[in-house]
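Q: For the sequence shown, numbering that gives the first Met the number 0 assigns the number 0 to the initial residue and increments by one for each residue that follows.
By construction, the Cβ of each residue, glycine as well, lies at the ideal position given by its N, Cα and C atoms.
Sharing a structure, written as structure tokens. Questions coming.
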Amino acid sequence: MSRVVLVTGGAKGIGLACAQRFAELGDRVAITYNSTPPPDGFLGIKCDINDTAQVDAAFTQIESELGPVEILVSNAGVTKDTLLLRMS
0 MSRVVLVTGG AKGIGLACAQ RFAELGDRVA ITYNSTPPPD GFLGIKCDIN DTAQVDAAFT
60 QIESELGPVE ILVSNAGVTK DTLLLRMS
């Protein structure tokens with residue numbers, strides 16, 4: 000049975016590995032990304048997860064193209080990078 004999966008920050012690294020595994024299992028996978036689009040075979044949605052309007056629009060698009068999201072992998076990293084010693 001195919002499920003609809005959303006992986007935030009899934010265009011590379013751990014998120015992409017998760018997305019690929021779900022796809023191998025036959026699931027329909029949507030990936031949100033900020034700068035690097037995902038590879039072919041996934042529904043890629045450019046989305047800043049800090050912006051609620053963009054998140055709402057992403058869910059609307061996923062539901063219209065794949066169906067309601069059944070599994071969410073919250074993988075997007077949100078940070079203000081700086082030197083470790085300067086982080087609080």
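Hey, how far is the Cα of Ala13 from the Cα of Ile70?
A: Position 14 of the sequence shown holds residue 13. Position 71 of the sequence shown holds residue 70. Checking the sequence, you will find Ile at residue 13 rather than Ala. In a straight line, the C-alpha of Ile13 is about 16 Å away from that of Ile70.
Q: Where does Gly14 fall in DSSP's three states?
A: As a working mapping, residue 14 is identified with position 15 in the sequence shown. Three-state DSSP puts Gly14 in a helix.
Q: Can you name the residues that DSSP bridges to Ala75?
A: Position 76 of the sequence shown holds residue 75. Looking at the DSSP assignment, Ala75 forms no beta bridge with any residue, so it has no partner.
Q: State the Cα-Cα distance for the pair Thr59 and Thr51, rounded to the nearest angstrom.
A: Position 60 of the sequence shown, counted from the first residue, corresponds to residue 59. Position 52 of the sequence shown, counted from the first residue, corresponds to residue 51. Whole-angstrom Cα-Cα distance: 12 Å.
Q: Mind checking which residues open and close the beta strand (DSSP E) that includes Thr31?
A: Residue numbering aside, residue 31 sits at position 32 when the sequence shown is read from its first letter. Where Thr31 is concerned, the enclosing beta strand (DSSP E) stretches over Arg27 to Tyr32.
Q: Please go through the same chain and pick out, in chain order, the residues whose beta-carbon is closer than 8 Å to the beta-carbon of Gly76, but skip the five residues on each side of it.
A: The residue you call residue 76 lines up with position 77 of the sequence shown. So the list reads Gly8, once near-sequence residues are dropped.
Q: Have a look at the DSSP bridge pairing and note the partners of Thr88.
A: The question about residue 88 has no answer here: the residues shown for the chain are numbered 0 through 87.
Q: Measuring CA to CA, which of Tyr32, Asp39 and Val4 is closest to Asn49?
A: Walking along the sequence shown from the start, residue 49 turns up at place 50. Taking only the C-alpha atoms, the option nearest Asn49 is Tyr32.
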